[in-house]
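Have a look at the structure below, then the notes.
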Amino acid sequence: MKRLLIVLALLSIGITSLQAERKIVITNAFYGAGMDKVAYSSAKLAINLWLTKMTKTISGATSQILFYIDFSQLKKDTQEKGKIDTLITSSYAYMLHPDFYKKYFNKGWIKTESDGKPFLSYVILKRKNTQVKKNSIAHYYKYSKISKIVIQKYSMEHNLNLRYESTKKESKPALDLFFKKCDVAIVNEFSWKLMQELNPQLSHSLVAIHKTDRIFTPVFSLFSRKMEEKKKKLYLGAIKDIGISESGKQLMQIFKFNKLIKLNNSSLNKIEKFYKNFLALKKKYEK
Amino acid sequence: MSNIKKQPSFFLTKIFRRIFLSFIGSITILVFIYSYATIQMQKKSSLEVLHSRANTLANSMALVSHDAMLKNDMGFIVQYDINVIKHNKEILQIFITNKTDDNIEINRNSWKMIQKISKKLKDMQKDRELFKIEYNDKLQKDVFHYSYPLHFPGITWGYIHLIYSLDSYNVDLNRIYKSTGILLGLLFLVTLFISYIVSRQIALPILKLSETTENVQKGNLHIRADIRRGDEIGQLAQNFNNMINKLEHSHDELENLVFIRTKELENLNKELDIKIKNAIEENSKNEQMLIQQSRLAAMGEMIGNIAHQWRQPLNALGLVVQNIYYSYEMGDLDKEYLEHSMNKSKKLTSQMSKTIDDFRNFFRPDKRQETFSISEGIQSVCELVSASYNNHNIEITTNLDDSLIAIGYPNEFSQVLLNIFTNAKDALLEKKIVKPKVSVRSFGKDDKIVVELEDNAGGIDKNVIKKVFDPYFTTKSKKSGTGIGLYMSKMIIENSMKGEISVHNSPNGAVFRIEIKQEDKKDA
C-alpha cells in the first residue's frame with residue numbers, strides 16, 4: 009500500500025520534472041480512508057520523504073500532495089476549482105462514496121498485478137477435513153478493510169456469525185489458519201498463491217471455500233474532471249515514459265510493478281455493486 | 008701494498024651462499040610462520056564476526072518473537088523469520104525447533120513444518136550458544152551453523168538455528184590469502200635483496216681476508232687486505248695487516264740472520280771439511296798404521312810360527328852335528344855316516360829355507376787374480392801354524408775337497424785363514440780348553456766354495472758375535488789386539504774376492520764360514 013502511494017506520488021513529481029521550464033504545479037491528493045493513525049502517518053512520512061528527494065532534481069516545476077483522512081475536507085477541496093488535480097485512494101474509499109468520485113473524477117491509472125492484469129480477488133480459506141461452524145474464529149489483515157468486508161459478507165451469507173480477529177501481516181491469517189489459531193482466514197489471491205509456493209504443505213492442509221470476483225485494488229489514481237488538459241498530458245507522458253527513464257525503471261524495480269494502465273470509472277462499478285450488496289446483507293442480518 | 012682483485016664468482020662462494028641462504032631461510036620461515044599465524048587469526052576473526060552477527064540476529068529474533076513463542080503463535084514466527092531471511096541474504100536457512108515438535112524449516116524460497124530434526128541440529132542443541140562450520144547435506148556445501156537456545160523464565164522453549172552462507176567468509180579468506188600471497192611475494196623479494204646486501208657486507212671482507220691469507224701463505228708478504236670499515240671486521244683487517252707487517256719485518260730479519268748464519272756455517276763447513284780431511288788422513292794413516300801393525304803382528308805371529316818351525320829342525324840339526332862329533336870321537340865316523348848326516352842336514356836346512364820362502368810369499372801382495380786350489384791354500388796355512396799349534400797341543404783336523412778351485416788372491420786368502428787360525432788358538436788358550444781342536448772343512452755348494460773353520464773354544468759371546476767384523480773391535484787388550492784382523496779379512500773376502508765371511512756358534516765353539524765363487528771346472 010505504502011509503496012503504491014509512493015509510486016503514484018513519484019509519478020506526479022516525475023511529470024512536473026519533465027516540464028520544469030513551464031513552472032507547472034500539480035496538486036495531488038491522497039485520501040487514506042479507513043487507515044488508522046499509524047498507517048496513515050507512515051504513509052505520509054514515506055510520501056513526503058520521496059517528495060523531498062525528488063523535488064530537488066526538478067527545476068521550474070512544483071508538485072504537492074495533500075493528505076486527507078477526513079472525507080468532508082476532501083470533498084470541500086475537490087469542489088474548489090483546480091485545487092486537486094489527481095486523487096490517490098483505495099477501492100475501499102471508493103465504495104464508501106462512489107457518487108462523489110463519479111461526480112468529480114474520471115479515468116485515472118491503476119497498476120497491474122503479478123499476472124499483468126489489474127485488480128485482485130480475495131480468498132476465504134479453511135482447514136481440510138474441518139467444517140466452518142457458527143461462531144468460528146476468522147482472521148483477516150487489519151489494514152485491508154476490503155478483506156474484512158468480504159469475510160463479513162461471507163459470514164452473513166452463510167449465517168456463520170464468525171468472530172473476527174485481525175492480524176498485522178497480510179499473510180498471517182493463512183498462517184494462523186495453518187497453525188490452528190483460527191478456523192477461517194481471508195487473504196488476497198496473490199498472497200495465497202505466493203504462500204502456496206513458499207510452502208506446499210499449506211495446499212495440503214488448507215482449502216479455499218470462497219473466492220471473490222477480481223474487482224478490488226488497494227490503491228488507484230483518478231484525474232479530476234477539472235484538471236487542465238496540459239497537466240493531463242504531462243501526467244500521461246510521465247506514465248508512458250515510466251518504463252523508459254532510468255528513474256522510472258528504478259521505481260518499477262523497487263516497488264515491483266510491471267506497468268500502469270488506464271482506469272475507467274466503469275471498472276469501479278463492480279466495487280460499488282459489491283458494497284451495495286454487502287450493505288443490504290448487513291442490514292438484513294442486523295434485523 | 009697491493010689491492011686484491013675482486014673474485015669473479017662471488018655468488019658461488021660458500022660463505023656468501025651460507026650467509027645468504029641462512030638469512031633468507033630464517034626470514035622466510037619467520038615470515039611464513041607469521042603469515043600462517045596471521046591467517047589463522049584472520050580466520051578466527053572472520054568466524055567471530057559471523058558469530059557476532061548471528062548472535063545479534065538471534066537475540067533480536069528471540070526478542071521480537073518472545074511473545075509469539077510464549078503464545079505458540081507459529082504464524083508470527085514463520086512470518087517474521089521469512090522476513091528475516093529475506094532481508095539477510097547471507098542466511099541460507101533458519102530452523103526453529105521446539106520441545107513440542109512444531110519445528111520450522113525456513114529456506115530462502117520456501118518454508119515447511121518438520122516433525123523430526125536432523126542429528127546435526129540435535130547435536131547443536133545445548134544449554135549455551137554454539138557455532139561451527141559444517142557440511143550441509145541439503146545445500147551440498149560448507150555452511151556456518153549457529154544455534155541459540157531460547158530460554159524463557161522457567162523453560163527452554165526451543166532453539167534458533169541460523170545457517171549462514173560462507174561466501175562472504177570465503178571471499179574474506181580469499182582476500183586474505185591473496186593479500187598475504189602478494190605480501191609474501193613482496194616480502195620475499197625484499198628479503199632477497201636485503202639478504203644479498205647483508206650477506207655481501209659480511210662475506211666480502213671475509214673473502215678478501217681469506218684471499219690475503221692465502222697469498223701470505225704462498226709467501227707474498229707484500230700483500231695487504233683492502234678493507235676499510237669502521238666495525239669489528241675493519242678492525243680485524245687492520246690487525247691482520249699489522250700482523251703481516253710484523254711478519255714481513257720478522258721475515259726480513261730472519262732472512263738476514265739466516266744469511267749471516269749461513270755464512271758462518273759455510274765457514275764452519277770449510278773448517279770442518281779441512282778438519283775432516285785431516286782426520287780422515289790421520290785415520291787413514293792410523294788405519295794404515297794399524298794395518299801395518301796388524302801386518303807386523305801377523306808377521307810377528309808368523310815369525311813366531313817360523314820360530315816354532317825352525318826350533319825343531321834347528322834342534323835336529325844340532326843333534327846331527329853333535330852326532331858327527333861323537334861318531335868321530337868314537338872312530339865310527341865313516342863316509343856313509345857322513346853322507347847320511349849330510350842328507351839329513353840338507354833336508355833340515357831345506358825345510359827351514361822353505362819356511363822363509365813361505366814367509367816371504369805369504370806377505371807378498373798379490374798383484375793379480377789367479378786361480379788356486381783351496382785345499383792347497385788351506386794346507387799351506389796349516390803347515391805354517393802347525394808348529395805353534397803343536398806347541399800348544401792344539402789338534403788340527405781337515406776335511407778338504409781337493410777339486411775346489413777358486414779365482415782370486417791366494418796369498419790374501421791365506422792371510423784370512425791365518426787370522427782365523429790365530430784367533431782360534433788365542434781363544435782356546437784363553438779358555439784353557441782341555442783338548443783344544445780346530446777343524447777345517449771345505450766343500451762345494453752350488454757354484455760356491457765353502458770353507459769352515461770350527462774350534463771347540465765354547466763359542467763367541469752372543470753380545471759380541473755380531474761385532475767381530477767391525478773395525479777396531481777386539482775382545483783382547485790393546486797390547487794384544489788391534490781389532491783390524493777380522494775387519495781386514497772381511498774386506499779381503501768381500502771386496503777382493505766377492506765372497507762372504509760370517510761367524511756363528513756351534514755346540515762346540517765358533518764356526519767361521521767363508522763362501523767364495525767357485526771357478527768353473529771346465530775353465531780350470
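Chains as they are written, first to last, in the working numbering: chain A, 9 to 295; chain B, 8 to 531. Note that beta-carbon positions come from the ideal geometry of N, C-alpha and C, so glycine has one too.
Min CB distance residue i to chain A below 9 Å
{"i": "F83 (chain B)", "result": "yes"}
{"i": "D109 (chain B)", "result": "yes"}
{"i": "N105 (chain B)", "result": "no"}
{"i": "N181 (chain B)", "result": "no"}
{"i": "N95 (chain B)", "result": "no"}
{"i": "I204 (chain B)", "result": "no"}
{"i": "N79 (chain B)", "result": "yes"}
{"i": "I89 (chain B)", "result": "yes"}
Which of helix, strand or coil DSSP assigns to residue i
{"i": "I363 (chain B)", "result": "helix"}
{"i": "M120 (chain B)", "result": "strand"}
{"i": "Y139 (chain A)", "result": "It is Gln, not Tyr, that sits at residue 139 (chain A) in the sequence shown. It is coil, neither helix nor strand."}
{"i": "A517 (chain B)", "result": "strand"}
{"i": "H347 (chain B)", "result": "helix"}
{"i": "E112 (chain B)", "result": "strand"}
{"i": "A216 (chain A)", "result": "strand"}
{"i": "Y149 (chain A)", "result": "strand"}
{"i": "F30 (chain B)", "result": "helix"}
{"i": "E404 (chain B)", "result": "Per the sequence shown, residue 404 (chain B) should be read as Thr rather than Glu. Of the three classes helix, strand and coil, the one that applies to T404 (chain B) here is strand, per DSSP."}
{"i": "E197 (chain A)", "result": "helix"}
{"i": "F83 (chain B)", "result": "helix"}
{"i": "G415 (chain B)", "result": "strand"}
{"i": "V423 (chain B)", "result": "helix"}
{"i": "T20 (chain B)", "result": "coil"}
{"i": "E459 (chain B)", "result": "strand"}
{"i": "D85 (chain A)", "result": "helix"}
{"i": "D341 (chain B)", "result": "coil"}
{"i": "I223 (chain A)", "result": "coil"}
{"i": "A47 (chain A)", "result": "helix"}
{"i": "P106 (chain A)", "result": "helix"}
{"i": "S334 (chain B)", "result": "helix"}
{"i": "S179 (chain A)", "result": "coil"}
{"i": "H229 (chain B)", "result": "coil"}
Below-9 Å beta-carbon distance, residue i vs any chain B residue
{"i": "D230 (chain A)", "result": "In the sequence as displayed, the identity of residue 230 (chain A) is Leu instead of Asp. It does not; no Cβ of chain B falls within 9 Å."}
{"i": "K5 (chain A)", "result": "Any answer about residue 5 (chain A) is impossible in this case: the structure gives chain A only from 9 up to 295."}
{"i": "K177 (chain A)", "result": "yes"}
{"i": "L133 (chain A)", "result": "no"}
{"i": "L244 (chain A)", "result": "no"}
{"i": "L170 (chain A)", "result": "no"}
{"i": "I279 (chain A)", "result": "no"}
{"i": "D107 (chain A)", "result": "no"}
{"i": "L268 (chain A)", "result": "no"}
{"i": "D184 (chain A)", "result": "yes"}
is_contact[residue i, chain D] using C-beta, thresh 9 Å
{"i": "I101 (chain B)", "result": "Among the protein chains in the structure shown, which are A and B, there is no chain D."}
Cβ-Cβ separation, residue j to residue i (assumed contact under 8 Å), whole Å
{"i": "L173 (chain B)", "j": "M76 (chain B)", "result": "Contact doesn't hold; Cβ gap of about 29 Å is too wide."}
{"i": "D80 (chain B)", "j": "I103 (chain B)", "result": "Actually they do not touch by this definition, with Cβ atoms about 12 Å apart."}
> Got a sec: which bits of the region 187-213 of chain A sit with their beta carbon under 7 Å from any beta carbon on chain B, in order along the chain?
Replying inline: Taking 7 Å as the Cβ-Cβ cut-off, the region 187-213 of chain A approaches chain B at F187, K189, L206, N207 and Q209, given in chain order.
> Taking a cut of 8 Å between CB atoms, which residues from the region 116-150 of chain B lie near chain A?
Replying inline: Those would be N116, S117, W118, K119 and M120, in chain order.
> the region 37-56 of chain B: which residues have C-beta closer than 8 Å to a C-beta of chain A, in chain order?
Replying inline: For the region 37-56 of chain B, which is checked against every Cβ of chain A, not one residue is closer than 8 Å.
> Would you say the region 199-219 of chain B touches the region 119-132 of chain B, given that touching needs at least three Cβ pairs under 8 Å?
Replying inline: No, the region 199-219 of chain B does not touch the region 119-132 of chain B.
> Does the count of Cβ pairs from the region 336-343 of chain B and the region 376-390 of chain B closer than 8 Å reach three?
Replying inline: No, the region 336-343 of chain B does not touch the region 376-390 of chain B.
>> Check whether the region 136-145 of chain B and the region 54-67 of chain B touch, using three or more Cβ-Cβ pairs below 8 Å as the test.
In response: Output reads yes: the region 54-67 of chain B touches the region 136-145 of chain B.
> Okay, do the region 230-250 of chain B and the region 203-215 of chain B touch, 3+ Cβ pairs below 8 Å being the bar?
Replying inline: Counting C-beta pairs closer than 8 Å gives three or more between the region 230-250 of chain B and the region 203-215 of chain B, which meets the contact rule.
>> When you compare the region 110-118 of chain A with the region 158-171 of chain A, are there three or more beta-carbon pairs, one atom per stretch, that lie closer than 8 Å?
In response: Counting Cβ pairs under 8 Å, fewer than three are found: no touch.
> Are there three or more Cβ pairs, one per stretch, closer than 8 Å when the region 179-186 of chain A is compared with the region 133-149 of chain A?
Replying inline: Under the three-pair Cβ rule at 8 Å, the region 179-186 of chain A counts as touching the region 133-149 of chain A.
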